[in-house]
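S.K.:
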Amino acid sequence: MTESRRSFMGEIIAARSMNTLYIIVDVVILTLLAILLLIKKRRLTFLFGVAGGLLYFAVDYGIFYLALGTRQVVGANPAVFLFWLSMSFGFTNFVWIWVWLNRDLYFKEFTLLIVAGWMCSGLLSQNFGGSFQAIEISRGTASYHGVMAAILFVGYAIVCVYNMAVRDQGKRINVLWLLATGIGVQFGWEAALLLCGIRPAGIGPLIVNSLIETNLGVPYIYFIQNEIYKRRREDLSPVQ
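Taking the working numbering, I'd label the letters of the sequence shown as residues 3 to 242.
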């Protein structure tokens, strides 16, 4: 096996270079997205997005940065920066997943807002952020991608076994929709970072992260969403 092949399949370095203008623009867009969710009474979606951001922070700062030491941050306070980063991508990713899984009436509009927001933040900061503080971050993956792949396998195995066991075809889970959601959300994020010059050139993180990182949680989120909707509507009113 060649060195380049070992690098691609083993240690994927997910790096980013940005400046603080990116953060400023991103916070404005996040605020707009949150306001729209609340105006349209997508309160469950909003709360799930917040929970996603907190989960990302627990993983990124608590596990990757503190426990494993695989996350590196240069040019910013690690705790503060990773809290913003986690809330930003955690909130948008989980909102996107939620509206796709429940086929929300406005799932196309929310998708467009999220992707366009990522592109706007990236390109504006690249064009006009030269005088702002530069920040560089990186994260190795060799120490945990295997665990992520195992979690992904278990989740989709549960879905496959369920579909094979259920007799009513109408109750079967749309596996292709789950895959489109899980892969598409991470791919959109990774592609926006790559196209805006935030992520260094290279398809390794784009392919591997899109297949594994967000996708691993989608089967579990599907079952969680179904259980919540048995008890609460989107506006948080109880199901009678």
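Beta carbons are placed, not taken as given, at the ideal position from N, Cα and C, and that holds for glycine.
Determine the extent of the beta strand (DSSP E) in which R73 is found, giving its start and end residues.
M.R.: Translated into the one-based positions of the sequence shown, residue 73 becomes position 71. Its beta strand (DSSP E) spans residues R73 to V76.
S.K.: From this set, T33, E215, V101 and K110, which residue's C-alpha is nearest V149's C-alpha?
M.R.: On the sequence shown, position 147 is the one that residue 149 refers to. Taking only the C-alpha atoms, the option nearest V149 is E215.
S.K.: Measuring CB to CB, does F59 end up less than 8 Å from L84?
M.R.: On the sequence shown, position 57 is the one that residue 59 refers to. On the sequence shown, position 82 is the one that residue 84 refers to. The answer is yes: Cβ separation under 8 Å.
S.K.: Does the stretch 96-104 come close enough to the stretch 49-57 that 3 or more CB-CB pairs lie under 8 Å?
M.R.: Yes: at least three Cβ pairs fall under 8 Å.
S.K.: Rounded to whole angstroms, what's the CA-CA distance from Q242 to V163? Just pull it up for me.
M.R.: Indexing the sequence shown from 1 puts residue 242 at position 240. Indexing the sequence shown from 1 puts residue 163 at position 161. Q242 and V163: Cα-Cα distance of roughly 31 Å.
S.K.: Could you tell me the alpha carbon to alpha carbon distance between A78 and G219, rounded to whole angstroms?
M.R.: If you number the sequence shown from 1, residue 78 lands on position 76. If you number the sequence shown from 1, residue 219 lands on position 217. Computed Cα separation, rounded: 29 Å.
S.K.: Closest to L238 by C-alpha separation, out of R45, Y158, M121 and M20, would be which residue?
M.R.: For the purposes of this step, residue 238 is identified with residue 236 of the sequence shown, where counting begins at 1. Of R45, Y158, M121 and M20, the residue nearest in Cα terms is R45.
S.K.: Who are the Cβ neighbours of V117 in its own chain at under 7 Å, not counting the five residues just before and after it?
M.R.: By one-based count along the sequence shown, residue 117 stands at place 115. Hits under 7 Å: G190 and A194.
S.K.: On the premise that N217 lies in contact with G172, defined as a C-beta separation below 8 Å, what is that separation, rounded to the nearest angstrom?
M.R.: Looking up residue 172 in the sequence shown gives position 170. Looking up residue 217 in the sequence shown gives position 215. The pair is not a contact, with the Cβ atoms about 25 Å apart (cut-off 8 Å).
S.K.: Quick one: is V168 buried, meaning 16 or more other Cβ sit within 10 Å of its Cβ, or exposed?
M.R.: Here residue 168 corresponds to residue number 166 of the sequence shown, with the count starting at 1. Exposed, by the Cβ-count rule.
S.K.: Using DSSP with H/G/I as helix, E/B as strand and the rest coil, what is P221?
M.R.: Locating residue 221 in the sequence shown gives position 219, where the first residue counts as 1. Helix.
S.K.: How is the alpha helix (DSSP H) around I239 delimited, first residue to last?
M.R.: Residue 239 sits at position 237 when you count from the first residue of the sequence shown. Correcting the residue identity first, residue 239 is Ser in this sequence and not Ile. Here S239 belongs to no alpha helix (DSSP H), and DSSP marks it neither H nor E.
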